[in-house]
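Below: the structure, in structure tokens.
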Amino acid sequence: MNLLTFDIEEWALAKARGYGSAAKYAEYDGYLARILDILDERGFKGTFFCTGMMAETFPEVVRLIHGRGHEVGCHSHRHDWLNRMTEAEAREDTRAAVDALEQCIGQKIKSYRAPAFTIGKSNKWAFEILAQSGITRDASVYPAERDFGGFENFGQKKPCLVEYNGIKLKEFPVCTAKVLGKETAYSGGGFFRFFPLGFVKKQMSGCDYTMSYFHIWDLIPESRGLLPKETFESYYKTPGTFKNRVVRYFKSNLGKKRAFDKMMRLIATESFVNLEQADRMTDWEQAPSVTL
Ligand SMILES: [Zn+2]
């Protein structure tokens, strides 16, 4: 099974960072409409992980997604990275996000993805917070080495049960492929922009389980320039030197020109399900368990 997920935060972050405008929000609305239309045409349901701030400041966007029959999951409250929070801050962030989203759509939120997959060895307690917040399905595990978070010895490449300190969560990890000797993601974020579509499809056809993950603003050209020093530092929690901001800018903009159309071609030619459907399709009695 191929899972299809989207992370939705761009409207609220554009507003919070001061470059939001009616034209900008309409642009995001337009891309979202194209995604919802192709999913209807293909008969697929996706999981859309939305931030709590989206539910508070752009509730119509979250309700539109929900109203078209897709699963709304939680993508933190403000899109701050979990590995940069204390346990108490992460607990408060998750509570605020789940409350806002549940109030917005009038339904329980069951699925979660951390911003930038920032649950790793240093903050395993995040799983406990998720379970205590009513989350039963998580999609935050990057089962390889990476800059932020990551579990390089996770050992599973398919749906599994994560056990930590007495709690259990159904985990849907990112799928990876071995490229130049290194396990790496390929069907989401900058990796999806980097690899040719043929490569992505070939990897997908050879696997029983894959996980695609997209942010609209990862896929479209945006003439935003460098992030201001203060914004950069408050988000990435690293010095906002000119060099750091330029490197981040190029990483975030590589291959953007045709990326959205590339994603649309992927959706048009492969079959997908969301986390809710994948949960029902999985025999959890037989699923492997990973104790962290
Ligand atoms: Zn995100």
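Read in the numbering used here, the sequence shown has 225 at position 224, and its numbers run on one by one without any break.
Glycine included, every Cβ here is placed at the ideal spot set by N, Cα and C.
For clarity, every value in this text was computed on a predicted model and none was experimentally measured.
If I follow the unbroken beta strand (DSSP E) through residue i, where does it start and stop?
i      : result
Thr211 : Thr211 to His216
Asp8   : Asn3 to Ile9
Tyr165 : Cys161 to Tyr165
Lys171 : Ile168 to Glu172
For my contact list, residue i and residue j are in at a C-beta cut-off of 8 Å; report their separation, rounded to the angstrom.
i      : j      : result
Cys161 : Ala288 : 5 Å
Ser123 : Asn84  : 6 Å
Phe118 : Leu170 : So it is not a contact: roughly 15 Å between Cβ atoms.
Gly47  : His67  : Their Cβ separation, rounded to whole angstroms, is 12 Å, which puts Gly47 and His67 out of contact at 8 Å.
Cys51  : Ile120 : Not really, about 18 Å apart at Cβ, beyond 8 Å.
Tyr187 : Phe200 : 7 Å
Just tell me which of the options has its CA closest to the CA of residue i.
i      : options                           : result
Val142 : Thr211, Asn124, Val175 and Ile66  : Val175
Leu4   : Phe45, Asp38 and Asp94            : Phe45
Val167 : Glu223, Ile130 and Tyr236         : Inspection of the sequence shows that residue 167 is occupied by Gly rather than by Val. The residue with the shortest Cα to Cα distance from Gly167 is Ile130.
Gly53  : Lys111, Asp100 and Gly199         : Asp100
Ile136 : Asp38, Ala98 and Arg266           : Ala98
Glu223 : Phe243, Gly21 and Ser77           : Gly21
Lys257 : Thr270, Tyr210, Phe243 and Asp219 : Asp219
Glu164 : Glu146, Ala132 and Gly189         : Ala132
Gly191 : Met264, Gly182, Pro60 and Gly207  : Met264
Leu33  : Asp94, Arg69, Glu234 and Lys203   : Arg69
Leu293 : Pro60, Gln157 and Lys25           : Gln157
Leu65  : Met86, Thr177 and Leu102          : Leu102
Arg79  : Glu286, Arg138, Gln204 and Arg18  : Arg18
Leu14  : Arg35, Phe59 and Phe49            : Phe59
Span of the alpha helix (DSSP H) holding residue i?
i      : result
Cys105 : Glu88 to Ile106
Ser235 : Lys230 to Tyr237
Val62  : Pro60 to Gly68
Just to confirm before moving on: does the CB-CB distance between residue i and residue j stay below 8 Å?
i      : j      : result
Leu276 : Gly151 : no
Met55  : Trp12  : yes
Ile221 : Phe193 : no
Val291 : Met2   : no
Ile217 : Arg43  : no
Arg138 : Lys111 : yes
Met212 : Glu271 : no
Ile36  : Val63  : no
Quick one: is the Cβ of residue i within less than 7 Å of any heavy atom of ligand 3?
i      : result
Glu223 : Absence of ligand 3 from the depicted structure is noted, with ligand 1 being the only ligands included.
Only counting the same chain, and skipping five residues up and downstream in sequence, which positions put a Cβ closer than 7 Å to that of residue i?
i     : result
Glu88 : Trp126
Excluding sequence positions up to five away, which residues of its chain have a Cβ less than 6 Å from the Cβ of residue i?
i      : result
Leu227 : Arg246 and Tyr250
Ala140 : Arg114 and Phe173
Lys230 : Gly241
Glu153 : Ala145 and Glu146
Glu184 : Ala145 and Thr177
Note down, in chain order, each residue of its chain lying with its Cβ closer than 8 Å to the Cβ of residue i, except the 5 sequence neighbours on either side.
i      : result
Gln104 : Ala56
Met282 : Met2 and Val274
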